[in-house]
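Peer 1:
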Amino acid sequence: MSPETKPDFLINPEGLRIDGRRTDEMRPIELKVGVLKQADGSASIRQGNTYILAAVYGPRELHPRHLTINDRAYLRCVYRMMTFSVPDRKRPAPSRREREISMVIANALKPALFLQDYPRAVVDVFIQVVQADGGTRCAAINAASLALADAGIPMKTLVPAVAVGKAEGKLLVDLGDEEDKYGGGDVPMAMLGTTGDITLLQQDGSFAKEELMEAMGMGVTAMKYILELQKEALKSAYTKKVAVEGEELDEYEDDLETDLGEAEIAGEEDE
Amino acid sequence: MGDYSAEVISNIDRDFIANYLDAGKRIDGRAFNEARNTEIELDVVAAKAEGSALVHLGDTSVIAGVKVLLGDPYADSPDKGVMMVTAELAPLASPLFELGPPKEPAIELARVVDRGVRESEMIDTSELCIEPGKKVYMVFADVYPLDYDGNLIDASSLAVAAALHTAKFDEYKWEDGKAVPTGKKLDLPIRNSAVEVTVSRIGRHLVMDPSLKEEMVQDCRLTMAIDKNDKLRAMQKGGGSGPLTLDEIEASMTMAIDRAQDLHKLLDATIKARKKK
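Chains X and B are the protein sequences, given in the same order. Mapped onto this note's numbering, the consecutive letters of the first sequence carry residue numbers 757 to 1027. Mapped onto this note's numbering, the consecutive letters of the second sequence carry residue numbers 35 to 311.
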């Protein structure tokens, strides 16, 4: 219910954003893989105050049957927001916005998947926004892509996503909620990790062509960074599992532990 | 990671669970009156929800969030606020949950949890009135299971109680025919606390806090909402049409009251630890 007020400025005189970030700085991102027990694959993402869970079920039998595609699996993405994830209570029934976002997320992920390996089946990607604070469709793609990998769905690549935009004439990476609402434009994008091909592109606001190209360039740089975070999250989830399962994977275990050790040491040096 | 294509369980599993119970054992090694490990995390949606909690009950987990909105009072209670519990069984939480409008299990879950809050008079709705007949606070506690491994009711009831106990919302006052914010934050008018405890009957055995497999073979379950004074405030027999004898009901109540005392202690300790922070 907390009444929202428009902030006086989105970029302060020192050139910093409302939450103290530089224009090209992302919010802190925490990715976790295998967070839900019932799902075949799952992941969570915290990006600033945005908090999203993604679960993957399948490939499994498709209901209702009339949705069947004979030469490949149907990728069913469902993006939903919890009623308490936004300042006002979201009505429980699915909204038009949720349906459209579900569709663009499916389109963003599809090119990364070998769906032709599972004709007539369905791969379900269920996304729940627990707390929404801007950039939810991109954060959802980041998590969903990890959940698909966790479920063992054959993939060509992971799919990182980020929203770039503009406020008070400055191009910004990873828009927060206020920047999205009161800023001068929002460009959510996603790409295939290996090729850099763009699989999600939407835009609102007003941009000159050169400006938009520059913004998208910043987006690509940010997505390359997110891709590395995604790889790390996957690796660390499976490093733990190897350690528990024991002997037969011993030769790999050593390598992975070394990797993790180095990552930790690097992290400490940064702090 | 279960792959149940429907809510069925093989006869082998059914016999296995029954034989095990006859030998005095449960499939996960618990005693008959033993609940699974229970944890409460508060403020999981701190930035947007007025109150929130995540409850783990073994491998079952449920998130509850509280929103407080302004609304019109009901015609038959113009000086009372509104308190409502809803639930959505999102398919993220289980291969058994399907897309689509809420079906019977979601409706029963919401109504049983709602009844525990309402009948225990947990929230004093007469203090949720801003101007009689004009504006009241409407309190929504919404429940989303994240992982379904049985007994959603107990997990949801605990999550809702924890979220309500810790909720903070904006105060409004009535001025010149409209509600205006005062800038102050209020706690909900909590007058009591109740938690729900479910005992399931499988054959002639009673088991506390059924897991998913136990739920699948149960003859029925009995859910009891129990307040801090060990009083029963609401009951629901569900989860199958198997009958219960009066002796079984009495034994279930005894088991449930013990468990409820532990849950009240856990809830109080969790809230106290938060205040210290």
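We put the CB at the ideal spot given by N, CA and C, even for glycine.
For the putative contact between residue 919(X) and residue 942(X), defined by C-beta atoms under 8 Å, what is the C-beta separation to the nearest angstrom?
Peer 2: Counted from its first residue, the first sequence places residue 919(X) at position 163. Counted from its first residue, the first sequence places residue 942(X) at position 186. Contact flag correct, Cβ pair sits at about 6 Å.
Peer 1: Buried or exposed for residue 307(B), please, with buried defined as at least 16 other CB atoms from any protein chain shown within 10 angstroms of its CB.
Peer 2: Residue mapping note: residue 307(B) aligns to position 273 of the second sequence, counting from 1. Answer is exposed; the Cβ neighbour count stays below 16.
Peer 1: Excluding the five sequence neighbours on either side, which residues of its own chain have a C-beta within less than 7 Å of the C-beta of residue 873(X), listed in chain order?
Peer 2: Looking up residue 873(X) in the first sequence gives position 117. Counting only Cβ-Cβ distances below 7 Å, and skipping sequence neighbours, we find 910.
Peer 1: What does a CB cutoff of less than 8 Å around residue 237(B) pick up in its chain, not counting 5 residues either side in sequence?
Peer 2: Translated into positions along the second sequence, residue 237(B) becomes position 203. Within the same chain, residue 237(B) has close Cβ partners 52, 55, 56, 253.
Peer 1: Check distances from the C-beta atoms of the stretch 101–132 of chain B to those of chain X and list, in chain order, the residues that come in under 8 Å.
Peer 2: From the stretch 101–132 of chain B, only 101, 102, 103, 104, 120, 122, 124, 125, 126, 127, 128, 129, 132 have a Cβ closer than 8 Å to chain X.
Peer 1: How about residue 1036(X): is its C-beta nearer than 8 Å to some C-beta of chain B?
Peer 2: Absent from the structure is residue 1036(X), since the part of chain X shown begins at 757 and ends at 1027.
Peer 1: Check the Cβ-Cβ distances between residue 1032(X) and every residue of chain B, and say whether any is below 8 Å.
Peer 2: With chain X running from 757 to 1027 in the structure shown, residue 1032(X) is simply not present.
Peer 1: Can you give me the Cβ contacts of residue 913(X) inside the same chain, cut-off strictly under 8 Å, excluding the 5 residues immediately before and after it?
Peer 2: By 1-based counting over the first sequence, the position of residue 913(X) is 157. So the qualifying residues of the chain are 868, 948, 949, 950, 951.
Peer 1: Would you say residue 180(B) faces chain X, with C-beta separation under 8 Å as the test?
Peer 2: Within the second sequence, the letter at position 146 stands for residue 180(B). Judged by the 8 Å Cβ criterion, residue 180(B) is in contact with chain X.
Peer 1: With 8 Å as the C-beta to C-beta threshold (strictly closer), list the residues of the stretch 779–796 of chain X near chain B in chain order.
Peer 2: Within the stretch 779–796 of chain X, the residues whose Cβ lies closer than 8 Å to some Cβ of chain B are 792, 793, 794, 795, 796, listed in chain order.
Peer 1: Say whether chain X places a C-beta atom closer than 8 Å to the C-beta of residue 66(B).
Peer 2: In the second sequence, residue 66(B) corresponds to position 32, counting from 1. Cβ-Cβ to chain X under 8 Å: no for residue 66(B).
Peer 1: Return no unless some Cβ of chain B is closer than 8 Å to the Cβ of residue 841(X).
Peer 2: The residue labelled residue 841(X) in the question sits at position 85 within the first sequence. Yes - at least one Cβ of chain B is within 8 Å of the one on residue 841(X).
Peer 1: Could you please give the first and the last residue of the uninterrupted beta strand (DSSP E) stretch that includes residue 1050(X)?
Peer 2: Nothing about residue 1050(X) can be read from this structure; chain X reaches only from 757 to 1027.
Peer 1: Quick one: grab the DSSP three-state call for residue 117(B).
Peer 2: The sequence position of residue 117(B) within the second sequence is 83, counting from 1. Correct three-state label for residue 117(B): strand.
Peer 1: Considering only DSSP beta bridges, list what residue 817(X) is partnered with.
Peer 2: Walking along the first sequence from the start, residue 817(X) turns up at place 61. Per DSSP, 877(X).
Peer 1: For a cutoff of 8 Å on Cβ pairs, would you count residue 813(X) as touching chain B?
Peer 2: For this step, residue 813(X) is matched to residue 57 along the first sequence. Taking Cβ atoms only, chain B reaches closer than 8 Å to residue 813(X), which makes this a yes.
Peer 1: Is it the case that the stretch 173–182 of chain B contacts the stretch 789–800 of chain X, given that we only count it when at least three CB pairs across the two stretches are under 8 Å?
Peer 2: Verdict: yes, contact present.
Peer 1: Using a beta-carbon distance cut-off of less than 9 Å, what residues from the stretch 72–86 of chain B approach chain X?
Peer 2: Within the stretch 72–86 of chain B, the residues whose Cβ lies closer than 9 Å to some Cβ of chain X are 78, 79, 80, 81, 82, 83, 84, 85, 86, listed in chain order.
Peer 1: Ordered along the chain, which non-local residues of its own chain (more than five positions away) have a Cβ less than 6 Å from that of residue 133(B)?
Peer 2: Reading the second sequence from its first residue, position 99 is the one you call residue 133(B). Contacts found: 125.
Peer 1: May I ask you to list the residues that DSSP assigns as paired with residue 254(B)?
Peer 2: Here residue 254(B) is taken as the residue at index 220 of the second sequence, counted from 1. Beta-bridge pairing links residue 254(B) to 235(B).
Peer 1: Does the separation of the CB atoms of residue 97(B) and residue 147(B) fall below 8 Å?
Peer 2: Against the second sequence, residue 97(B) aligns to sequence position 63. Against the second sequence, residue 147(B) aligns to sequence position 113. Against a cut-off of 8 Å, the Cβ pair of residue 147(B) and residue 97(B) comes out as no contact.
Peer 1: How would you call residue 303(B), buried or exposed, if buried means at least 16 neighbouring beta carbons within 10 angstroms?
Peer 2: Here residue 303(B) refers to the residue found at position 269 when the second sequence is read from its first residue. When all chains shown are included, residue 303(B) counts as exposed.
Peer 1: Less than 8 Å between CB atoms is the rule here; does residue 211(B) satisfy it with respect to chain X?
Peer 2: Taking the second sequence and counting its residues from 1, the one referred to as residue 211(B) is at position 177. With 8 Å as the cut-off, residue 211(B) does not count as an interface residue toward chain X.
Peer 1: If you reduce the DSSP assignment to three classes, tell me which class residue 918(X) lands in.
Peer 2: Taking the first residue of the first sequence as position 1, residue 918(X) is located at position 162. Residue state, collapsed to three classes: strand.
Peer 1: Around the C-beta of residue 1051(X), are 16 or more other C-beta atoms found within 10 angstroms, so that it is buried, or is it exposed?
Peer 2: The structure shown has nothing for residue 1051(X), since chain X only spans 757 to 1027.
Peer 1: Taking only beta-carbon positions, decide if residue 838(X) is within less than 8 Å of chain B.
Peer 2: Indexing the first sequence from 1 puts residue 838(X) at position 82. For residue 838(X), the answer is yes, since a Cβ of chain B falls inside 8 Å of its Cβ.
Peer 1: Give me the DSSP bridge partner(s) of residue 181(B).
Peer 2: Position 147 of the second sequence, counting from 1, holds the residue named residue 181(B). Answer by DSSP bridge pairing, in chain order: 95(B).
Peer 1: Along chain B, which residues have their Cβ under 8 Å away from the Cβ of residue 834(X)?
Peer 2: Position 78 of the first sequence, counted from the first residue, corresponds to residue 834(X). In chain order: 125, 133.
Peer 1: Is residue 137(B) helix, strand or coil when you go by DSSP?
Peer 2: On the second sequence, residue 137(B) is found 103 positions in, with the first residue counted as 1. Coil.
Peer 1: By how many angstroms is the C-alpha of residue 90(B) removed from the C-alpha of residue 300(B)?
Peer 2: For the purposes of this step, residue 300(B) is taken as the residue at position 266 of the second sequence. For the purposes of this step, residue 90(B) is taken as the residue at position 56 of the second sequence. Taking the straight line joining both Cα atoms gives about 13 Å.
Peer 1: If the cut-off is 8 Å on Cβ atoms, which residues from the stretch 169–195 of chain B count as contacting chain X, listed in chain order?
Peer 2: Answer in chain order: 174, 176, 178, 180, 181, 182, 183.
Peer 1: Could you work out which residue in 276(B), 161(B), 78(B) is closest to residue 113(B) when comparing CA atoms only?
Peer 2: Working through the second sequence from its first residue, we reach residue 113(B) at position 79. Among 276(B), 161(B), 78(B), the Cα nearest to that of residue 113(B) belongs to 161(B).
Peer 1: Using the C-alpha atoms, what's the distance from residue 877(X) back to residue 994(X)?
Peer 2: Taking the first residue of the first sequence as 1, we reach residue 994(X) at position 238. Taking the first residue of the first sequence as 1, we reach residue 877(X) at position 121. Going from the Cα of residue 994(X) to the Cα of residue 877(X) covers about 27 Å.
Peer 1: So which residues on chain B does residue 845(X) lean against when the C-beta distance must stay under 7 Å?
Peer 2: Indexing the first sequence from 1 puts residue 845(X) at position 89. Neighbours of residue 845(X) on chain B, chain order: 101, 103, 174.
Peer 1: Can you give me, in chain order, the residues of the stretch 868–897 of chain X that have a beta carbon less than 8 Å from any beta carbon in chain B?
Peer 2: Flagged, chain order: 880, 882, 883, 884, 886, 887, 888, 889.
Peer 1: May I ask whether a heavy atom of the ligand NAD can be found less than 7 Å away from the beta carbon of residue 979(X)?
Peer 2: The ligand content of the structure shown is nil, which means the ligand NAD is not present either.
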